[in-house]
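Remarks on the structure that follows.
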Amino acid sequence: TASQNMSEDWKLYYWPSLPGRGDFVRLMFEELGIQYEDIGRTKGIEEIIKKMRAEDGWPVSAPPIVQNGDFTLNQTPAILEYLGKKYDAYPKGGLEEEAHAMQINLTVCDLMQEGHDSFHPIEKAGSYDSQKEAAVPYIKKFKEVRLLKYLKSFARALKMNESKGGFFIGDKLTYVDIAVFQALRAVEFQFPEEYDKLCTDDLKAFKERMACRPNIAAFLKSPRSIPFCGNSMM
């Protein structure tokens, strides 16, 4: 319940100036009514680096990282699945639905990684500005070839579940809906023409329904929501 959620001591470690992968987790917390501290924004980048380099506790290599008491976890798809299981945003239809949910979850991660990497073809951790010229053909290929593959996959999955209320899996919201919603937000921001041209009406309607959910709508209008940086689908 919401009251139980509010008693948790969740912390999110993610870069304070980027939505990036952090917004997948922020949206889960916000939609499910879970109170959390966004450490990068409240205490600064130093705390994130300290967490990554800590020699005690469960190893975590990169943000987003979540912590609740002694429990620590990183990797976006693992965090989303865990929170979905813990807070009743997880498929109820058995092993096959759970597997399909994870398939979509990992496809979202592939999309975000490939989109990001098209802006960073030389040095993945380097700035986009330092490799902007080299990135041009990679971004072009991603927009013109690769993006459609991902959007078609999402559209087919949504269509196959259309009789159950407009969710991706089952008849109620799961962590997968949050994951696809954030991916579509990133695509629309970064590639608005391609989003308009390649996204099916069903996918666009799904995104709008998600954006209108009260907790998500409130988050997106609040200072807790960080604007996209302008490149790299981040």
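Straight run, no breaks: the sequence shown in this note's numbering ends on number 234. Don't be surprised by glycine CBs; every beta carbon is placed ideally from N, CA and C.
Exposure label - Ala2; buried when at least 16 CB within 10 Å: Residue confidence is low: Ala2 scores 34 on pLDDT, short of 50, so the model does not pin down where it sits. No coordinate-derived value is stated.
Candidates Cys199, Lys140, Lys50, of which the one nearest His120 by Cα: Lys140
Same chain, Cβ closer than 7 angstroms to Cys199, neighbours up to 5 away in sequence not counted: Leu151
Expected contact under 8 angstroms - CB spacing of Trp15 and Pro63 to nearest Å: 7 angstroms
Proximity winner among Ala186, Gly33, Ser225, relative to Asp88 (alpha-carbon distances): Gly33
Ordered list of alpha helix (DSSP H) runs contained in the segment 131-174, each at least 4 residues: 132-141, 147-160
Thr72 - DSSP class collapsed to helix/strand/coil: strand
Whole-angstrom distance between Leu80 and Ala179, CA atom to CA atom: 8 angstroms
Lys85 versus Asp9 - alpha carbon distance: As the crow flies, the alpha-carbon of Lys85 is around 17 angstroms from that of Asp9.
C-alpha gap between Pro214 and Glu46, whole angstroms: 33 angstroms
Cβ neighbours of Leu18 in the same chain (closer than 8 angstroms, five flanking residues each side left out): Ile226, Cys229, Met234.
Distance between Trp58 and Phe71 (C-alpha atoms, nearest Å): 8 angstroms
Tyr195, DSSP secondary structure in three states: helix
Coarse secondary structure for Ile65, derived from DSSP in three states: strand
Asp38, DSSP secondary structure in three states: Secondary structure of Asp38 (DSSP, three-state): strand.
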